[in-house]
Amino acid sequence: MHTIPSFNSFFWLPSLPKKLHIFIMAVLDHRLVLVFGLLGNALSFLVYLAPLPTFYKIFKKKSTQEFQSLPYSVALFSAMLMLYYASLKNDAFMLITINAVGCFIETIYLVIYMIYATKISRIYTLKLLISFNLVTCAMIIVLTSLFSHGAERMNIVGWICVVFSVSVYAAPLSIMRFVVKTKSVEFMPFSLSLALTLCAACWFGYGLAVDDYFIASPNVLGFLLGLVQMIIYMIYKNKRNEILPQTNSQELASCGHQMKNNGNPNDASLNKPEEAAMDGENKSNKAVESSELHV
Numbered sequence: 001m002h003t004i005p006s007f008n009s010f011f012w013l014p015s016l017p018k019k020l021h022i023f024i025m026a027v028l029d030h031r032l033v034l035v036f037g038l039l040g041n042a043l044s045f046l047v048y049l050a051p052l053p054t055f056y057k058i059f060k061k062k063s064t065q066e067f068q069s070l071p072y073s074v075a076l077f078s079a080m081l082m083l084y085y086a087s088l089k090n091d092a093f094m095l096i097t098i099n100a101v102g103c104f105i106e107t108i109y110l111v112i113y114m115i116y117a118t119k120i121s122r123i124y125t126l127k128l129l130i131s132f133n134l135v136t137c138a139m140i141i142v143l144t145s146l147f148s149h150g151a152e153r154m155n156i157v158g159w160i161c162v163v164f165s166v167s168v169y170a171a172p173l174s175i176m177r178f179v180v181k182t183k184s185v186e187f188m189p190f191s192l193s194l195a196l197t198l199c200a201a202c203w204f205g206y207g208l209a210v211d212d213y214f215i216a217s218p219n220v221l222g223f224l225l226g227l228v229q230m231i232i233y234m235i236y237k238n239k240r241n242e243i244l245p246q247t248n249s250q251e252l253a254s255c256g257h258q259m260k261n262n263g264n265p266n267d268a269s270l271n272k273p274e275e276a277a278m279d280g281e282n283k284s285n286k287a288v289e290s291s292e293l294h295v
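All residue numbers for the sequence shown refer to full-length UniProt numbering, where the first residue is 1 and numbers rise by one.
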């Protein structure tokens with residue numbers, strides 16, 4: 001009767017004594033966790049820093065203009081949720097570090113946004129943070145703590161993370177549809193798509209290395225969507241959009257809502273060609289996060 005090998009048995013060394021084989025496997029596993037974890041942390045950190053040019057413009061103009069706070073709130077919630085999940089695991093230092101850094105960075109973004117936002121936007125953002133980031137996250141923590149324990153609680157929180165990560169990873173579908181419709185890749189830069197794809201691949205490898213499929217499984221979708229984005233970019237990179245696309249703020253808001261990971265704002269004003277180019281640069285900086293990633 002044949003058994004299905006696990007991830008830890010991919011490096012098969014039958015000629016070595018059993019104890020030595022186990023020792024080598026342990027060393028290899030530890031190195032894989034370290035390599036994938038460090039790469040995932042580094043790439044996720046770079047993605048978290050992607051909106052910096054946008055916030056520099058906000059700071060310079062002393063106005064948030066038409067940018068939205070929702071992507072940053074989503075990225076903050078994703079980091080908070082993963083931080084809670086990591087706290088339930090053993091030896092989850094890699095997850096704790098990047099998501100703690102993510103919470104800090106997204107909080108800074110939101111504070112800057114609140115400073116320069118209009119009164120209406122400030123009130124909306126405050127309500128969003130209280131209802132979504134504080135109340136919802138607190139309810140998840142309280143309910144899972146009261147009605148589940150140990151491994152059961154970790155599994156429940158893990159499934160919540162998977163569902164949320166998948167919903168965030170599905171967001172780029174709107175911007176891919178927008179690129180195909182307009183035949184313009186100005187809103188989907190190749191460098192960011194590549195970074196997000198590599199980031200998903202690293203966290204997928206990390207999830208396999210630690211046998212945590214709550215981390216690995218959603219990043220499969222992130223990796224595949226990243227590949228699709230790069231393929232679409234290669235198809236349309238040399239095509240020019242002769243007619244300036246007419247869009248509404250709702251469509252552009254959905255475009256800027258992607259990833260993980262990472263929270264990015266939107267500019268809903270596309271009235272002039274030069275403004276479109278500037279807005280395309282803005283969206284390339286806020287495409288996310290996370291997530292976000294998701295991590």
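Every residue gets a Cβ at the ideal spot worked out from N, C-alpha and C, and that includes glycine.
key: Beta-carbon gap between A200 and G226 smaller than 7 Å   = Start at 1 with the first residue of the sequence shown, and residue 200 comes out as number 200. Start at 1 with the first residue of the sequence shown, and residue 226 comes out as number 226. Yes.
message = How far does the alpha helix (DSSP H) with M114 in it extend, from its first residue to its last?
response = Working through the sequence shown from its first residue, we reach residue 114 at position 114. First-last of the alpha helix (DSSP H) with M114: F93 to Y116.
key: Sequence-distant residues of the same chain with beta carbon closer than 7 Å to R122, five excluded per side   = Mapped onto the sequence shown, residue 122 falls at position 122. Correct list, in chain order: M114.
ask   = Out of curiosity, what's the CA-to-CA distance linking V142 and W203?
value = Numbered from its first residue, the sequence shown carries residue 142 at position 142. Numbered from its first residue, the sequence shown carries residue 203 at position 203. V142 and W203: Cα-Cα distance of roughly 28 Å.
task = Find the nearest neighbour of S131 within the set H30, Y236, G207 and V74, judged by alpha-carbon distance.
result = Taking the sequence shown and counting its residues from 1, the one referred to as residue 131 is at position 131. That would be V74, whose Cα lies nearest to the Cα of S131.
ask   = If we count Cβ pairs, one from each stretch, closer than 8 Å, do we get three or more for the stretch 97–111 versus the stretch 170–183?
value = Too few Cβ pairs lie closer than 8 Å, so no.
ask   = For G40, which residues from the same chain have a beta carbon less than 6 Å from its beta carbon, with the 5 sequence-adjacent residues on both sides left out?
value = What you label residue 40 is simply residue 40 of the sequence shown in a count that begins at 1. Closer than 6 Å at Cβ, skipping near neighbours: C202, W203 and Y206.
task = For Q229, name the three-state secondary structure that DSSP assigns.
result = By one-based count along the sequence shown, residue 229 stands at place 229. If DSSP states are grouped into helix, strand and coil, Q229 belongs with the helices.
query = When DSSP labels each residue in this structure, what does S254 get in the three-state scheme?
reply = Counting from 1 along the sequence shown, the entry for residue 254 is found at position 254. Low per-residue confidence applies at S254: pLDDT is 44, beneath 50, and the placement is therefore not dependable, though the value from the model is reported in the following sentence. If DSSP states are grouped into helix, strand and coil, S254 belongs with the helices.
request  = Report buried or exposed for L34, applying the criterion of at least 16 other Cβ atoms within 10 angstroms of its Cβ.
outcome  = Numbered from 1 along the sequence shown, position 34 holds the residue referred to as residue 34. With fewer than 16 Cβ atoms within 10 Å of its Cβ, L34 is classed as exposed.
Backbone CA spacing between residue 369 and Y124 [nearest angstrom] = What the structure shows of the chain is the stretch from 1 to 295, and residue 369 is not part of that stretch, so it cannot be assessed.
query = According to DSSP, is H30 helix, strand or coil?
reply = In the sequence shown, the residue the question calls residue 30 occupies position 30. Helix, per DSSP.
ask   = How big is the Cα-Cα spacing for A50 and L32?
value = Locating residue 50 in the sequence shown gives position 50, where the first residue counts as 1. Locating residue 32 in the sequence shown gives position 32, where the first residue counts as 1. One C-alpha to the other measures close to 27 Å.
query = What's the C-alpha gap between S44 and T107?
reply = As a working note, residue 44 is residue 44 in the sequence shown. As a working note, residue 107 is residue 107 in the sequence shown. C-alpha separation (whole angstroms): 16 Å.
ask   = What is the DSSP secondary structure of S184, reduced to helix, strand or coil?
value = Position 184 of the sequence shown, counted from the first residue, corresponds to residue 184. Coil.
request  = Use the C-beta contact count for M139: other C-beta atoms within 10 angstroms, 16 or more gives buried, fewer gives exposed.
outcome  = Here residue 139 refers to the residue found at position 139 of the sequence shown. With fewer than 16 other Cβ atoms within 10 Å, it is exposed.
ask   = Going by the beta-carbon positions, is the gap between Y116 and S69 smaller than 7 Å?
value = The residue given as residue 116 occupies position 116 in the sequence shown. The residue given as residue 69 occupies position 69 in the sequence shown. Their beta carbons are not under 7 Å apart, which means Y116 does not touch S69 by this criterion.
key: Closest Cα partner of L129 within the set V111, I235 and N155   = For the purposes of this step, residue 129 is taken as residue 129 along the sequence shown, with counting starting at 1. Among V111, I235 and N155, the Cα nearest to that of L129 is on V111.
message = My assumption, with CB atoms under 8 Å, is that N133 sits in contact with M80. Please give the rounded CB distance.
response = In the sequence shown, residue 133 corresponds to position 133, counting from 1. In the sequence shown, residue 80 corresponds to position 80, counting from 1. About 7 Å separates the CB atoms of N133 and M80; that is less than 8 Å, so the two are in contact.
message = K237 and K183 - do their beta-carbons sit closer together than 7 Å?
response = Taking the sequence shown and counting its residues from 1, one reaches residue 183 at position 183. Taking the sequence shown and counting its residues from 1, one reaches residue 237 at position 237. The Cβ-Cβ distance between K183 and K237 does not fall below 7 Å.
key: Residues near L83 by beta carbon distance below 7 Å, same chain, minus five either side   = Locating residue 83 in the sequence shown gives position 83, where the first residue counts as 1. Cβ within range, chain order: I96, N99, A100 and C103.
key: Candidates F36, F93, L76 and S87, of which the one nearest Y48 by Cα   = As a working mapping, residue 48 is identified with position 48 in the sequence shown. Considering only alpha carbons, the answer is L76.
key: Proximity winner among S148, L52 and T197, relative to L221 (alpha-carbon distances)   = Counting from 1 along the sequence shown, the entry for residue 221 is found at position 221. Ranking the options by Cα distance to L221, first place goes to T197.
ask   = Should N271 be labelled buried (16 or more other beta-carbon atoms within 10 Å of its own) or exposed?
value = Indexing the sequence shown from 1 puts residue 271 at position 271. Caution applies to N271, whose pLDDT of 40 falls short of 50 and renders its modelled position unreliable; the model cannot decide the point.
ask   = Is V162 near F214, with beta carbons less than 7 Å apart?
value = Stepping through the sequence shown from its first residue, residue 162 is reached at position 162. Stepping through the sequence shown from its first residue, residue 214 is reached at position 214. Closer than 7 Å, so yes.
ask   = In three-state DSSP terms, what is N261?
value = Your numbering for residue 261 matches position 261 in the sequence shown. For N261, the pLDDT reaches just 41, beneath the cut-off of 50, and the residue's location in the model is therefore unreliable, leaving the point undetermined.
request  = Let me know if N90 comes out buried or exposed under the rule of 16 or more other beta-carbons within 10 Å of its beta-carbon.
outcome  = Walking along the sequence shown from the start, residue 90 turns up at place 90. That one is exposed.
ask   = Does DSSP classify E66 as helix, strand or coil?
value = Here residue 66 refers to the residue found at position 66 when the sequence shown is read from its first residue. Assignment of E66 by DSSP, reduced to helix, strand and coil, places it in the coil class.
task = Write down the C-beta distance between residue 315 and L224 rounded to the nearest angstrom, noting that I regard them as a contact closer than 8 Å.
result = The structure shown does not extend to residue 315, since the chain is modelled only from 1 to 295, so the question has no answer here.
ask   = Is the distance from the Cβ of S193 to the Cβ of Q229 below 7 Å?
value = As a working mapping, residue 193 is identified with position 193 in the sequence shown. As a working mapping, residue 229 is identified with position 229 in the sequence shown. Contact flag set, yes.
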